[in-house]
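Peer 1: Count the sequence shown with mature numbering (1 follows the signal peptide of the UniProt record, and there is no 0) and you get residues -20 to -1, 1 to 473, in order.
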Amino acid sequence: MWTYACVIFICASFSGFVDSEKMYSGYQLLSISKTLNKTQYDALVELQKRPRLDFWSEPSTMRTTDILVAPQDVSSVEVYLKNRNIDYLVSIADVKIAVEKDTKQRENRQGGMNWKQYHRLDVIYAWLEAQTHQNPRVVQVSNIGKSYENRPIKLVKISTGTYHRNPAIVIDAGIHAREWIAPATATYMMKQLLSVGLEDRDLIDSLDWYFIPVVNPDGYEYTHTEDRLWRKTRSKHSDEECIGVDANRNFDFHWGEAGTKEDACANTYPGPYPFSESEANATAGFLWTNRGRIKAYLTLHSYSQLFLTPYGYTEDLPDDYDDLHDLGVKAAKALEEVHGTEYEVGAPSHILYANSGSSRDWAKGVAEIQYPFTIELRDKGDSGFLLPASEILPTATETWEAVKVIGRKLIQDAHKTNRFGFLRYVGPIYSYSGSSQDWAREFADVKYSYTVELRDSGKKKFLLPPEDILDTGRETWEAVKVIARKIIDDRDT
Ligand SMILES: [Zn+2]
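#1: Compare the C-alpha of S258 against each of P197, I391 and G239 and name the closest.
#2: Can you list every residue whose CB sits closer than 7 Å to some heavy atom of ligand 1, going in chain order?
#3: Should E315 go down as buried or exposed, given a rule of 16 or more other Cβ atoms within 10 Å for buried?
#4: Hey, could you find the ends of the alpha helix (DSSP H) S56 is sitting in?
#5: So G308 is in the alpha helix (DSSP H); what residue range does that whole segment cover?
#6: How close, in whole Å, do the beta carbons of L366 and D53 come, if the pair is a contact with beta carbons under 8 Å?
#7: How do the segment 329 to 341 and the segment 169 to 186 stand: do at least 3 beta-carbon pairs fall below 8 Å, yes or no?
#8: So, does the CB of E257 fall closer than 8 Å to a CB anywhere in chain B?
#9: So what does DSSP say about L286, is it helix, strand or coil?
#10: DSSP puts E38 in a beta bridge; with which residues?
#11: Quick one: measure Cβ to Cβ for T263 and V325, integer angstroms, because I've assumed they're closer than 8 Å.
#12: What's the C-alpha gap between E322 and L297?
#13: Taking only heavy atoms of ligand 2 into account, decide whether any of them is closer than 7 Å to the Cβ of R117.
#14: Contact defined as beta carbons within less than 8 Å: I believe T289 pairs with L278. What is the distance between those atoms, to the nearest angstrom?
#15: Starting from V49, trace the beta strand (DSSP E) in both directions and tell me its first and last residue.
#16: Which residues does DSSP list as the beta-bridge partners of A132?
#17: Taking contact to mean 3 or more Cβ pairs, one atom from each stretch, closer than 8 Å, check whether the segment 162 to 176 and the segment 224 to 241 are in contact.
#18: Cα-Cα, which of V136, A327, G320 and L10 is closest to residue 477?
#19: Let me check understanding here. Comparing Cα to Cα, which of Y430, E38 and V79 lies closest to W160?
#20: Mind checking whether R291 and S329 have CB atoms under 8 Å apart?
#21: Rounded to whole angstroms, how far is the Cβ of T140 from the Cβ of I184, which I believe are closer than 8 Å?
#22: Could you pull out every residue in the same chain whose Cβ sits closer than 7 Å to the Cβ of residue 480, ignoring the five residues on either side in sequence?
#23: Among D152, R32 and L286, which one has its Cα closest to the Cα of A276?
#24: Here's the rule I'm using: 16 or more other beta-carbon atoms within 10 Å means buried, otherwise exposed. How should I467 be labelled?
#25: Please work out which residues of its chain come closer than 7 Å, Cβ to Cβ, to E216, disregarding the five sequence neighbours upstream and downstream, and give them in chain order.
#26: Let's see if you can read the secondary structure: which residues bound the alpha helix (DSSP H) around W419?
#27: I'd like the list of long-range same chain contacts for F266, defined as Cβ closer than 8 Å, with 5 residues on each side in sequence excluded.
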């Protein structure tokens, strides 16, 4: 029986590759230059209403708009663009060839995880589990939910901190199925954290890292077996003609407003209601439960080379936009120093196009996470979603430098809030662990926890004479009264 099941599975996978190639035979990717006037922009928005056209990037007056066009539509779309004086280039002349290259890379894959190839979900998940066995004190894997087709949505925690007192950073990837570079980059970062040298040790000692490397596992698998360019989840809601929801338009914050389409067959369909998708729900649930501790939320996408801050649903900016922008610029600069890759930083409604119901907007607007960024990875449209596997390592290494800048900013911020001010007051005499004072603070949440070392300063040491008892008692009592009154004051204010 088992053998029989395997045979079926192999056949299904194999024919899937063939279907995927066939599906894109004769498809072209057209790139429209960004110098659009308002009339031309409106014409593109109108064009978007046609069936079969897949806008890899939304119409924008600020950057190129890429459209995947089926063979039967190529000539009519070209006429449409020419009649409106809209300049365009054919950036991929036959998408089938690009998809075939992908297929070959997958067929050549040698077992195990590496960053020279894109991997199936089972390889990624097996690698995560292996990390917990190799580093059980640093890595923890758990499930935060299940996808529509019942696949686990895995969460990985990486930290040496044993207490839940570190600031936390959350990185997710793969909410859009076809953006393969995103999970590949997320897993690379995990690998780097698990092999940090002394110079980067602060990153795992002083910060808790959480990864959701494949938010939309159903869609991700579907891109490997059936349709390389699938974007959405694989859910089927009653009364709907088409499958799938754009999970990154499904979050319950200004849901269904700008940049979404009510048509269930559209690639930006926000779903029948907010959080209809278990994938969006699981991600939000984790962010919400840990919202006090999570200081940064980075959601990895492709493509366009952008650091996007909130908000997408409005042109209004968050109050602390300057801080967000400043950190984004610093991160982008660190990224550029590696291979010279340029990223732009800003709010989507200002530098891209409006979108609503995204995880990034929700993270800021509802969970009040300080630094949420959407990172649109390589490239700028030459290969788009079909980024060659040879670009995984350069993309991942440069992005990692940017993410380290954000991580270190969180560590600095945590030091500034001086959480352990009571220890600094006397200055660290020597460091020790397992004390009642630390425990009271860390586990019992005691606000004012002091070790009071009484007389004397070292002359008689433990042999303090009895005549010192009364004076020591009296003076200490005055100190304790100050603390007691502070607690009464705190209660009354
Ligand atoms: Zn995306």
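Ideal placement from N, C-alpha and C gives every residue a C-beta, glycine not left out.
Peer 2: On the basis of the supplied data:
#1: To locate residue 258, count along the sequence shown from 1; it is residue 278. With distances taken between Cα atoms, S258 lies closest to P197.
#2: I155, H156, E159, N228, H281 and S282
#3: As a working mapping, residue 315 is identified with position 335 in the sequence shown. Per the sequence presented here, residue 315 reads as Leu, with Glu not at that position. With at least 16 other beta carbons inside 10 angstroms of its own, L315 counts as buried.
#4: In the sequence shown, the residue the question calls residue 56 occupies position 76. S56 -> alpha helix (DSSP H) spans V54 to N63.
#5: Against the sequence shown, residue 308 aligns to sequence position 328. Taken as a continuous stretch (DSSP letters only), the alpha helix (DSSP H) holding G308 covers Y301 to H319.
#6: Looking up residue 366 in the sequence shown gives position 386. Looking up residue 53 in the sequence shown gives position 73. That pair is no contact at about 20 Å.
#7: no
#8: Absent here is chain B; the protein component of the structure consists of one chain.
#9: Indexing the sequence shown from 1 puts residue 286 at position 306. If DSSP states are grouped into helix, strand and coil, L286 belongs with the strands.
#10: Numbered from 1 along the sequence shown, position 58 holds the residue referred to as residue 38. Paired residue(s): none; E38 is not in a bridge.
#11: Stepping through the sequence shown from its first residue, residue 263 is reached at position 283. Stepping through the sequence shown from its first residue, residue 325 is reached at position 345. Contact doesn't hold; Cβ gap of about 23 Å is too wide.
#12: Within the sequence shown, residue 322 is the residue found at index 342, counting from 1. Within the sequence shown, residue 297 is the residue found at index 317, counting from 1. Spanning the two alpha carbons is a distance of roughly 23 Å.
#13: Among the ligands present in this structure, namely ligand 1, ligand 2 is not found.
#14: Position 309 of the sequence shown, counted from the first residue, corresponds to residue 289. Position 298 of the sequence shown, counted from the first residue, corresponds to residue 278. A Cβ-Cβ distance of about 11 Å is found for the pair T289 and L278, leaving them out of contact under the 8 Å criterion.
#15: Your numbering for residue 49 matches position 69 in the sequence shown. V49 -> beta strand (DSSP E) spans T45 to V49.
#16: Counting from 1 along the sequence shown, the entry for residue 132 is found at position 152. A quick correction: the sequence has Pro, not Ala, at residue 132. When DSSP reads this structure, P132 sits in a beta bridge with K126.
#17: no
#18: Absent from the structure is residue 477, since the part of the chain shown begins at -20 and ends at 473.
#19: Locating residue 160 in the sequence shown gives position 180, counting from the first residue. With distances taken between Cα atoms, W160 lies closest to V79.
#20: Taking the sequence shown and counting its residues from 1, one reaches residue 291 at position 311. Taking the sequence shown and counting its residues from 1, one reaches residue 329 at position 349. Checking the displayed sequence, the identity of residue 291 turns out to be Tyr instead of Arg. Going by C-beta atoms, Y291 is nearer than 8 Å to S329.
#21: Here residue 140 refers to the residue found at position 160 when the sequence shown is read from its first residue. Here residue 184 refers to the residue found at position 204 when the sequence shown is read from its first residue. Going by Cβ atoms, the distance from T140 to I184 rounds to 5 Å, so yes, they are a contact pair.
#22: Because the chain spans -20 through 473 in this model, residue 480 falls outside it and cannot be assessed.
#23: In the sequence shown, residue 276 corresponds to position 296, counting from 1. For A276, the nearest C-alpha among the options comes from D152.
#24: In the sequence shown, counting from the first residue as 1, residue 467 sits at position 487. I467 should be labelled exposed.
#25: Position 236 of the sequence shown holds residue 216. The sequence shown places Lys at residue 216, rather than the Glu named in the question. Cβ neighbours of K216 beyond the five flanking positions: I223.
#26: Within the sequence shown, residue 419 is the residue found at index 439, counting from 1. Its alpha helix (DSSP H) spans residues S416 to E422.
#27: Counting from 1 along the sequence shown, the entry for residue 266 is found at position 286. So the list reads I124, L135, V150, Y190 and I192, once near-sequence residues are dropped.
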